[in-house]
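Trainee:
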Ligand SMILES: [Zn+2]
């Protein structure tokens, strides 16, 4: 699909709106620039303009949106006027497809927002006792659960589906989110059931999800972690605007010069909780196609890769091998990348046993 939306906005803001935006200090980041926020009193640049994505996000006041919304608010234009203005400035001829694309992208984002809210409410509904147990097991604080918007997908075939329909979305639109499986007999079921949900937040908005297994996950659904569905030949009902191209916790690393890379979601949250900005590929290494974007994000930063260091059943250290590959790719792109070798879990276990023995 020709993404006129991206084309329109990406080509535009830098040339047309930059002059509006730069008043005061600026600071380069990996994939964009920070300027003083036009929406709040800001001396330390916290308004992030991305070079890759047609959106802005303020780390100070949380204001986020695309450049159409920006013009609507700052110049009191209607969205049609804003689009016409941007297209005109960029020399892009609008065709009849653009409205459809624009609407679909916004619609998908709205439904992902609603799904995320639904998961958060259902997490709270698990009750204090279960939440405390989960938080203790993971070492998360209450603020962390809130900040990383951890949620829960209930164990019902159509819990989220029915919720989205109930609040007014059409069945054929709901399927576009990648949150549902449409079977050959046209039965529709929730993709995540009985799982802890972790949204990938991009400029404060949930753009992708991964969900971890719990004791409640149905028996047929065995994978430890499961990701959101994306558009493919078999899944052509999923919108192409649902994309797995954001790194987990990407929002956390813009302002720091030292970045950590972890293997798993929960390790990533833990490091961020303790003030070490981290992202995660949610596996041992990044995909080949990710290194270009990764290098832009990590430009001029020092990177520490801290994968797990345990042996799998065939005696391989896949965490360490993955870390070496990431380091090699980053070094090739001129980024200082170091590997942190974590102690083998059995050593930690032994320490624990030793301590218990001493205490006894
Ligand atoms: Zn602001």
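Numbering (this note's numbering), first residue to last: 3 to 362.
Even for Gly, the Cβ is constructed at its ideal location relative to N, Cα and C.
1) Please name the residue, chosen from 278, 202 and 180, that lies closest to residue 252 on a Cα-to-Cα basis.
2) Thinking just about the alpha-carbon of each residue, which of 115, 304 and 193 is nearest to the one in residue 213?
3) To the nearest angstrom, how far is it from the Cα of residue 173 to the Cα of residue 207?
4) Would you check if the distance between the CB atom of residue 162 and the CB atom of residue 211 is smaller than 7 angstroms?
5) Where does the unbroken beta strand (DSSP E) through residue 208 begin, and where does it stop?
6) By DSSP, does residue 49 sit in helix, in strand, or in coil?
7) Going along the chain, which residues put their C-beta within less than 7 angstroms of some heavy atom in ligand 1?
8) Taking one C-beta from the region 276 to 286 and one from the region 251 to 267 each time, how about it: are there three or more such pairs within less than 8 angstroms?
9) Between residue 269 and residue 294, what straight-line distance do the alpha-carbon atoms span, to the nearest angstrom?
10) Candidates 137, 47 and 125: which alpha carbon is nearest residue 155's?
11) Which of the three DSSP states, helix, strand or coil, is assigned to residue 39?
12) In three-state DSSP terms, what is residue 244?
13) At what residue ranges does the region 168 to 194 contain a whole run of the beta strand (DSSP E), taking only runs of 3 or more?
14) Pick from 333, 312, 217 and 39: whose alpha carbon is nearest that of residue 132?
15) Could you tell me which of 78, 56 and 168 sits nearest to residue 107, measuring between CA atoms?
16) Please list, in chain order, all residues of the same chain as residue 246 whose beta carbon is under 8 angstroms from its beta carbon, the five residues on each side excluded.
17) Can you tell me which of the three DSSP states residue 30 falls into?
18) Hey, out of 197, 167, 204 and 200, whose CA is closest to residue 190's CA?
19) Given that a residue counts as buried once 16 or more other Cβ atoms are within 10 Å of its Cβ, and exposed if not, what is residue 331?
20) Quick check on DSSP: helix, strand or coil for residue 90?
21) Determine contact between the region 67 to 85 and the region 42 to 50, defined as no fewer than three beta-carbon pairs at a distance below 8 angstroms.
22) Report the option in 70, 337, 344 and 307 whose CA atom is closest to the CA atom of residue 326.
23) Does the distance from the C-beta atom of residue 286 to that of residue 320 stay below 7 angstroms?
24) If the criterion is Cβ atoms closer than 7 angstroms, does the pair residue 195 and residue 220 meet it?
25) In angstroms, rounded to a whole number, what distance separates the CA positions of residue 324 and residue 344?
26) Short check: CB of residue 50 to CB of residue 200, under 7 angstroms?
27) Measure from the alpha carbon of residue 336 to the alpha carbon of each residue in 311, 315, 296 and 312, then state which is nearest.
28) Name the two residues that bound the continuous beta strand (DSSP E) containing residue 330.
29) If I follow the unbroken alpha helix (DSSP H) through residue 157, where does it start and stop?
30) According to DSSP, is residue 285 part of a helix, a strand, or is it coil?
31) I need the boundaries of the beta strand (DSSP E) containing residue 260, first residue and last residue.
32) Kindly indicate the opening and closing residues of the alpha helix (DSSP H) around residue 133.
33) How is the alpha helix (DSSP H) around residue 72 delimited, first residue to last?
34) Alpha carbon to alpha carbon, how far is residue 62 from residue 123? Give it in angstroms, no decimals.
35) Assign residue 169 to one of two classes, buried (16 or more other C-beta atoms within 10 Å of its C-beta) or exposed (fewer than that).
Mentor: The relevant details are as follows:
1) 202
2) 193
3) 23 angstroms
4) no
5) 207 to 215
6) strand
7) 39, 41, 42, 44, 48, 49, 60, 62, 63 and 65
8) yes
9) 24 angstroms
10) 125
11) coil
12) coil
13) 182 to 184 and 190 to 192
14) 217
15) 56
16) 210, 229, 230 and 232
17) strand
18) 167
19) buried
20) helix
21) no
22) 307
23) yes
24) yes
25) 14 angstroms
26) no
27) 296
28) That residue, residue 330, is in no beta strand (DSSP E); its alpha helix (DSSP H) goes 320 to 334.
29) Note, residue 157: premise wrong, no alpha helix (DSSP H); not H, not E.
30) coil
31) 260 to 264
32) 130 to 140
33) 69 to 76
34) 26 angstroms
35) exposed
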